[in-house]
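Single-structure report; data block below.
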Amino acid sequence: MKRFKKLAALITTALLTTSLFVGCGGSNVGENGTINFFNVGDYIDEALIRKFEKETGIKVNYSTYDTNEIMYQKVKTNPGTYDLVVPSDYMVEKMIEEDLLEKIDFNNIPNYQYIGDDYKNLSYDPSNEYSVPYMWGTIGIIYDSTRITEPVTSWDILWDSKYKDEVYMFNSLRDSLAIALIKAGYSINSTNPSEIEAAKEELLNQRKLTNPVYVVDEVKDNMISGEKMLATVWSGDAIYIMNENPDMKYVVPEEGSNKWVDALCIPKDAPNKAGAEAFINFLCDPENAKENVDYIGYSTPNTAAYDLLDEETKNNPAAYPSEETLSKCVLFTNLDPETLKLYESAFTEVLSK
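Note that the sequence shown covers residues -24 to -1, 1 to 329 in mature numbering (1 follows the signal peptide of the UniProt record, and there is no 0).
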């Protein structure tokens, strides 16, 4: 179960990624019986790929990446290579703006009827032309309930000096700066330089108060083993951690948070657009969608798949928060290049301390 790690990849990861499609091009690219699916690692039950291949005769060349940004660069610099990708909301918006995505022929996706209305007409694709929602979730705090007895309701606890050396933070600039922006009373999509500076100062102050460690995937095993008391996590990772260690609890702080949506999209000049649409339709089949969400652990936008889930899962507030909680959560939007440079500079300074 892996959520996108936005702008957190190391250079070595990027170098490894450049070899992803070696052997997948050539005579296979563009054949009616092949699609090239580029997805985040461990973000699909691969048994479904085999099932789709068996049912349709369409071969799936499956490769993975770590971040939205790596995917974006690969799609942009290798036009006509990929048939299906899975960007996050803000990256869908960016790719639409840069004409990097194909409009989807929804006549080929009858199972789109099962996508809930709450996941249509969203800001990143307001006319529902370029994307089909895949998974969604929130970001919040997971904590050790055996060692933290006070109510955990606010992001402020991550700045409480009595938890010095007991905090993990996202090694992801949008997520960590979002938390700091919220703490400072600003929008997670702020483009105001003074507000971004204030968020940076919040994180620098946190360095002094609690000395957080910035991590990504390591948070799961480390929190399961109880290495620290508190961590910022994506909701699907929280569910996995709690399944492995019931002492861990998850909360979306009362000040609000990010609600994210990842989507299935077809890059511009995809060699096999019809095959990609067939696979999207397959993944939107309720039984398949339910199997996939059982494996991944995140929340499904597919209403029929949701109905198939067990009652414990449907009633788990980590997976399906209340309307009150969700009303305080907002989507990330794409940042203009100049603003993004401010975010990058701020986060780089925080990590260097």
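Quick reminder that beta carbons are idealized off the backbone N, C-alpha and C, glycines included. Every value quoted in this text rests on a predicted model; they were computed, and no experiment measured them.
Under the three-pair Cβ rule at 8 Å, the segment 123 to 140 does not count as touching the segment 259 to 276. Judged by DSSP secondary structure, residue 239 falls within the beta strand (DSSP E) whose first and last residues are 233 to 240.
Listed in chain order, the non-local C-beta contacts of residue 327 below 8 Å within the same chain comprise 147 and 190, local neighbours out to five positions each way being set aside. Taking residue 77 as the centre and dropping the five residues before and after it, the same chain places the C-beta of 68, 71, 106, 107, 241, 242, 243 and 244 closer than 8 Å to its C-beta, in chain order. Residue 144 and residue 51 have their alpha carbons spaced roughly 32 Å apart. Fewer than three Cβ pairs drawn from the segment 287 to 299 and the segment 158 to 166 lie within less than 8 Å of each other, which leaves the two stretches out of contact.
For residue 117, the uninterrupted beta strand (DSSP E) run begins and ends at 108 to 120, by DSSP.
Under the three-state reduction of DSSP output, residue 77 falls in the strand class.
Taking 8 Å as the cut-off, the Cβ atoms of residue 149 and residue 320 count as close. Taking each of 270, 262, 250 and 236 in turn and checking the Cα distance to residue 64, the smallest one comes out for 236. Counted as a single uninterrupted DSSP element, the alpha helix (DSSP H) harbouring residue 48 occupies residues 44 to 53. The beta carbons of residue 186 and residue 140 sit about 5 Å from each other, so the pair counts as a contact at 8 Å. Close CB contacts of residue 271 within its chain, under the 7 Å cut and outside five residues either way in sequence, are with 21 (chain order).
Non-local beta-carbon contacts of residue 165 in its own chain, meaning distances under 6 Å to residues more than five positions away in sequence, involve 309 in chain order. Taking every protein chain shown into account, the CB of residue 182 has 16 or more other CB atoms within 10 angstroms, so this residue is buried. With respect to residue 85, residue 257 sits close: the two C-beta atoms are nearer than 8 Å. Following the DSSP letters along the chain, one finds residue 13 inside the beta strand (DSSP E) bounded by residues 10 to 16.
Judged by their CB atoms, residue 10 and residue 248 are nearer to each other than the 8 Å cut-off. Here residue 33 is exposed, its C-beta having fewer than 16 other C-beta atoms within 10 Å. Counting every other CB atom within 10 Å of its CB across the protein chains shown gives residue 268 a total of 16 or more, marking it as buried. Look at residue 311 here: in three-state DSSP terms it is coil, with no helix or strand label.
Comparing C-alpha distances from residue 177 to each of 152, 196, 193 and 195 shows the shortest one belongs to 152. In the assembly as shown, residue 113 is a buried residue. Its beta-carbon has 16 or more other beta-carbons within 10 Å.
Annotation for residue 122: 223 place their beta carbon closer than 7 Å to its own, counting only its chain and skipping 5 residues before and after.
Under the DSSP assignment, residue 58 falls outside any alpha helix (DSSP H); it carries neither an H nor an E label. Spanning the alpha carbons of residue 37 and residue 251 requires a straight line of approximately 12 Å.
Taking all protein chains in view, the Cβ of residue 169 is surrounded by fewer than 16 other Cβ atoms within 10 Å, so the residue is classified as exposed.
A straight-line Cα-Cα distance of about 37 Å links residue 55 and residue 175.
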